[in-house]
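Student: Numbering (mature numbering (1 follows the signal peptide of the UniProt record, and there is no 0)), first residue to last: -25 to -1, 1 to 178. Where is the CB? At the ideal position from N, CA and C, for every residue including glycine.
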């Protein structure tokens, strides 16, 4: 029996398409997994951020004679964040982040993007230099805490300070999203976010 040329062509085409489909699935580049909404990635490990607390410190003066910014301190951790209603007393868990966010304007805290600022030399700057540094800018400072001795207490650990990056805050009380994209003084990076309800106390 003679096999038709068209049948051979169709069979060959079907085989080629099957191989191409298999090849694509084998060699297709997969996206890198991203941390979930309450996780950050640090040094190749993802950490859950189950707990969140804000200390509302109110208006703050960064230059001049009057208040210029509004200060929210964000605490996130995979363990309990203990407070006495006025201040944080203890942070438990294996991993935590402290972030001090100053939004420009003294009437209320404003969400948005915050740039890293090194305030270590502010005492040596003139008021005009401080105004140039801070006016119309929302800024942050941040530190990471890791439980290195296994006692589940973070507040007795040495902080790993941020030396660059950005923090983004969105939402409204009590539900905020805080997103981290930090470079740290130890040469490592931290990325991720926490989204959800934050307890808030007035400092």
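Quick one: grab the DSSP three-state call for residue 155.
Tutor: Of the three classes helix, strand and coil, the one that applies to residue 155 here is strand, per DSSP.
Student: Excluding sequence positions up to five away, which residues of its chain have a Cβ less than 6 angstroms from the Cβ of residue 171?
Tutor: Counting only Cβ-Cβ distances below 6 angstroms, and skipping sequence neighbours, we find nothing.
Student: Go to residue 109, then tell me how far its alpha helix (DSSP H) extends in each direction, as first and last residue.
Tutor: Unbroken alpha helix (DSSP H) run through residue 109: 102 to 109.
Student: Excluding the five sequence neighbours on either side, which residues of its own chain have a C-beta within less than 6 angstroms of the C-beta of residue 156, listed in chain order?
Tutor: Within the same chain, residue 156 has close Cβ partners 140, 141, 166.
Student: With a threshold of 8 angstroms between beta carbons, is residue 51 in contact with chain C?
Tutor: The chain inventory of the structure shown lacks chain C, comprising one protein chain alone.
Student: Residue ranges of each beta strand (DSSP E) run of no fewer than 3 residues wholly in the stretch 13 to 94, ordered along the chain?
Tutor: Here the runs fully enclosed are 14 to 17, 20 to 23, 26 to 35, 44 to 52, 56 to 58, 63 to 66, 70 to 79, 87 to 91.
Student: So what does DSSP say about residue 147, is it helix, strand or coil?
Tutor: Residue 147: strand per DSSP, three-state reduction.
Student: Do residue 178 and residue 62 come within 8 angstroms of each other at the CB atom, strictly closer than that value?
Tutor: Cβ atoms of residue 62 and residue 178: closer than 8 angstroms.
Student: Are the CB atoms of residue 83 and residue 45 within a distance shorter than 8 angstroms?
Tutor: It is a contact, given that the beta carbons lie within the stated cut-off.
Student: If I'm right that residue 153 touches residue 168 with Cβ under 8 angstroms, what's the distance once you round it to whole angstroms?
Tutor: Indeed they touch by this definition, with Cβ atoms about 6 angstroms apart.
Student: Are the stretch 50 to 61 and the stretch 108 to 119 touching, with three or more C-beta to C-beta distances below 8 angstroms?
Tutor: Flag = no, the stretch 50 to 61 and the stretch 108 to 119 do not touch.
Student: Would you call residue 137 buried or exposed, if buried means 16 or more other Cβ atoms sit within 10 Å of its Cβ?
Tutor: Burial call: buried.
Student: Would a C-beta distance cut-off of 8 angstroms place residue 89 and residue 115 closer than the cut-off?
Tutor: Against a cut-off of 8 angstroms, the Cβ pair of residue 115 and residue 89 comes out as a contact.
Student: One question on the structure: do residue 43 and residue 102 come within less than 8 angstroms of each other, judged by their Cβ atoms?
Tutor: Going by C-beta atoms, residue 43 is not nearer than 8 angstroms to residue 102.
Student: Within its chain, find whatever has a CB closer than 6 angstroms to the CB of residue 130; leave out the 5 residues flanking it on each side and keep chain order.
Tutor: Answer for residue 130: 65, 66, listed in chain order.
Student: Using a Cβ-Cβ cut-off of 6 angstroms (strictly less than) and excluding sequence neighbours within five positions of residue 17, which residues of its own chain qualify?
Tutor: Hits under 6 angstroms: 165.
Student: Name the one or two DSSP bridge partners that residue 139 has.
Tutor: DSSP output for residue 139 lists 158 as bridge partner(s).
Student: Using DSSP with H/G/I as helix, E/B as strand and the rest coil, what is residue 171?
Tutor: Strand.
Student: Apply the 10 Å Cβ neighbour rule to residue 150 and answer buried if 16 or more other Cβ atoms are within range, or exposed otherwise.
Tutor: Result: exposed.
Student: Helix, strand or coil for residue 113? Go by DSSP, reduced to three states.
Tutor: Coil, per DSSP.
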